[in-house]
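J.: Below are the structure tokens for one structure; questions will follow.
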Amino acid sequence: MGAISSLFGYLLNALYTVFNNYGIAIIIFSIILRIILIPITIKQQKSMKKSAKLQEEMKEIQRKYKNNPEKLNQETIELYKREKMSPFAGCFSSIIQLIIILSVFWLVSQPLTYMKRIDVNVINDYKTQLQQEGNNQTYAEIAIINRFGAEDERVRLNMDFLGLDLSKVPSSNLNDWTVYIIPLLYVISSVASIKLTNNINMKKKDKKKAITDGTEVLPAEEPSELEAMEAMNKNMMYMLPLMSVFIAFIAPLGLALYWFISNVLMIIERLIIDAVMRHKEEKENA
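In terms of this note's numbering, the sequence shown opens at residue 20 and continues consecutively.
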């Protein structure tokens, strides 16, 4: 994670050098990172679409070989191979997101190490001074920026963004209502993102129902592996935002700003990608 945080730090510091504002640098950083991750987002959308298709085939295999477990497993494996699909393909995107969450968390928690690349001896000297002053904050490097930034240009960062101090930690500033603005926007964007994903999935299911001949299809007696995979992906879809909200509450506001911007960009991406894929599918079926 440290290596990825260091790589992100190079980019964030370069943007800060250009704009001289931590908040603007984070926004541009978020945009660049989302652009880099577009291929993964497209792959995830295609994987979701293919999973829905395979689930119908899997149900048929289960009904056909429900009394023959060995044949059922063999046909299931063949189905995955034929469609070049892994049962855990949908989890790849969630794992990437988790890695990025942790990497950006370390980046904004230790900006002097990963972004400004200040000598460790300088940081330790300032930490010692803070301890002697009785200032034992959780995020020592943020405390160093706030305490010594005005007198030492090496540890100076402009963290004022639209009147909000991005160095503040909500859990340590409960009486300051301004610290709740960005986390609240992040929560709203997370709910919107989850609803959008669910709506896209529901539209796909409704479309499948509409093209059937109206006959009732009995459900499989046991859930398929694809259904289990979808359930796991759905749990991850809810778990990551919940975990992120908790981290945003105990981390500097710069992290919540990154997540909020990323969510907004992700929503736009999904709408565009879904529209393009739907248009392509309609063209192929025409």
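Note that beta-carbon positions come from the ideal geometry of N, C-alpha and C, so glycine has one too.
Short of 8 Å in beta carbon distance, which residues of its chain neighbour I47, apart from the five on each side in sequence? Order them along the chain.
T.: Reading the sequence shown from its first residue, position 28 is the one you call residue 47. L34 and F38.
J.: Round the Cβ separation of V188 and I269 to the nearest angstrom and send it over; I've been treating them as touching at under 8 Å.
T.: Counting from one through the sequence shown, the residue named residue 188 turns up at place 169. Counting from one through the sequence shown, the residue named residue 269 turns up at place 250. That belief holds up - the Cβ atoms of V188 and I269 are roughly 7 Å apart, short of 8 Å.
J.: If you drop the 5 nearest sequence neighbours on each side, which residues of the same chain put their C-beta closer than 6 Å to that of L204?
T.: By one-based count along the sequence shown, residue 204 stands at place 185. Excluding positions up to five away in sequence, the list reads F279.
J.: For G273, report the span of its alpha helix (DSSP H) as first-last.
T.: Indexing the sequence shown from 1 puts residue 273 at position 254. In the DSSP assignment, G273 falls within the unbroken alpha helix (DSSP H) covering L272 to N304.
J.: With DSSP run on the structure shown, which of helix, strand or coil describes D179?
T.: Here residue 179 corresponds to residue number 160 of the sequence shown, with the count starting at 1. D179 falls in the strand class under three-state DSSP.
J.: Can you check which of these residues, Q93, F124 and N86, is closest to Y277 by C-alpha distance?
T.: Your numbering for residue 277 matches position 258 in the sequence shown. Residue F124 is the option with its Cα nearest to Y277.
J.: Buried or exposed for P58, please, with buried defined as at least 16 other CB atoms from any protein chain shown within 10 angstroms of its CB.
T.: As a position in the sequence shown, residue 58 is number 39, starting the count at 1. Its Cβ having fewer than 16 others within 10 Å, P58 is exposed.
J.: Our contact map puts R166 next to N154 with C-beta atoms below 8 Å; I'd like the distance itself, whole angstroms only.
T.: Here residue 166 corresponds to residue number 147 of the sequence shown, with the count starting at 1. Here residue 154 corresponds to residue number 135 of the sequence shown, with the count starting at 1. Correct: roughly 7 Å between the Cβ atoms.
J.: Is any heavy atom of the ligand GDP found at a distance shorter than 8 Å from the C-beta of T197?
T.: As for the ligand GDP, it is missing from this structure, which has no ligand bound.
J.: Let me confirm a value: M178 is counted as buried when at least 16 other C-beta atoms fall within 10 Å, else exposed. Which label applies?
T.: The count along the sequence shown starts at 1 and reaches residue 178 at position 159. The residue in question, M178, is buried, as its Cβ has 16 or more Cβ neighbours within 10 Å.
J.: N282: buried (16+ other C-beta within 10 angstroms of its C-beta) or exposed?
T.: Reading the sequence shown from its first residue, position 263 is the one you call residue 282. With 16 or more other Cβ atoms within 10 Å, it is buried.
J.: With distance defined between alpha-carbon atoms, name the residue in S186, M134, G182 and N140 nearest to Y158.
T.: For the purposes of this step, residue 158 is identified with residue 139 of the sequence shown, where counting begins at 1. Here the closest residue by C-alpha is S186.
J.: Is the beta carbon of R53 closer than 9 Å to that of M285?
T.: Locating residue 285 in the sequence shown gives position 266, where the first residue counts as 1. Locating residue 53 in the sequence shown gives position 34, where the first residue counts as 1. The answer is yes: Cβ separation under 9 Å.
J.: Following the continuous alpha helix (DSSP H) through K146, name the residue where it begins and the one where it ends.
T.: Walking along the sequence shown from the start, residue 146 turns up at place 127. Run containing K146: V139 to Q151, per the alpha helix (DSSP H) assignment.
J.: Report yes if the CB atom of L131 is closer than 9 Å to the CB atom of I142, and no otherwise.
T.: Walking along the sequence shown from the start, residue 131 turns up at place 112. Walking along the sequence shown from the start, residue 142 turns up at place 123. Yes, these two residues count as a Cβ contact at 9 Å.
J.: T36 lies in the alpha helix (DSSP H); which residues open and close that run?
T.: Here residue 36 refers to the residue found at position 17 of the sequence shown. It spans G21 to F38 - the alpha helix (DSSP H) in which T36 sits, taken as one unbroken run.
J.: Hey, S128 and F27 are a contact pair by Cβ (cut 8 Å); roughly how many whole angstroms apart?
T.: For this step, residue 128 is matched to residue 109 along the sequence shown. For this step, residue 27 is matched to residue 8 along the sequence shown. That pair is no contact at about 12 Å.
J.: Taking only the alpha-carbon atoms, compute the straight-line gap between F265 and S190 and give it to the nearest angstrom.
T.: Walking along the sequence shown from the start, residue 265 turns up at place 246. Walking along the sequence shown from the start, residue 190 turns up at place 171. When the Cα atoms are used, F265 and S190 turn out to be separated by approximately 10 Å.
J.: Along the chain, where does the alpha helix (DSSP H) containing A162 start, and where does it finish?
T.: Locating residue 162 in the sequence shown gives position 143, where the first residue counts as 1. Where A162 is concerned, the enclosing alpha helix (DSSP H) stretches over A159 to F167.
J.: Out of curiosity, what's the CA-to-CA distance linking E89 and R101?
T.: As a first step, residue 89 is located in the sequence shown; it is residue number 70 there, counting from the start. As a first step, residue 101 is located in the sequence shown; it is residue number 82 there, counting from the start. Each residue's Cα considered, the two are about 18 Å apart.
J.: Whose C-alpha, out of T60, K68, I45 and I43, is nearest the C-alpha of K299?
T.: Position 280 of the sequence shown, counted from the start, is the residue given in the question as residue 299. Minimum Cα distance to K299 is reached at K68.
J.: Could you give the DSSP three-state label for T231: helix, strand or coil?
T.: Taking the first residue of the sequence shown as 1, we reach residue 231 at position 212. Legend: pLDDT at T231 = 47, less than 50; position of this residue unreliable, value from coordinates given subsequently. Three-state DSSP puts T231 in coil, outside helix and strand.
J.: Going straight from the alpha carbon of V295 to that of I119, what length do you get?
T.: On the sequence shown, position 276 is the one that residue 295 refers to. On the sequence shown, position 100 is the one that residue 119 refers to. Cα atoms of V295 and I119: separation of roughly 27 Å, rounded to the nearest angstrom.
J.: Compare the beta carbon distance of Q116 and R289 with 9 Å and say whether it is the shorter of the two.
T.: If you number the sequence shown from 1, residue 116 lands on position 97. If you number the sequence shown from 1, residue 289 lands on position 270. Result no, Cβ atoms of Q116 and R289 do not sit closer than 9 Å.
J.: What are the start and end residues of each continuous alpha helix (DSSP H) run of 4 or more residues lying completely inside the stretch 74-130, in chain order?
T.: 88-102 and 110-128
J.: Leaving aside the five residues before and after F180 along the sequence, list all residues of the same chain whose C-beta is less than 6 Å from its C-beta, in chain order.
T.: Along the sequence shown, one-based indexing puts residue 180 at 161. Taken in chain order, the residues that qualify are G42.
J.: The alpha helix (DSSP H) with Y199 in it runs from where to where?
T.: Walking along the sequence shown from the start, residue 199 turns up at place 180. Run containing Y199: none; DSSP gives neither H nor E here.
J.: In terms of residues, what are the limits of the alpha helix (DSSP H) holding S49?
T.: Your numbering for residue 49 matches position 30 in the sequence shown. Y41 to I55 is the span of the alpha helix (DSSP H), which, as asked, contains S49.
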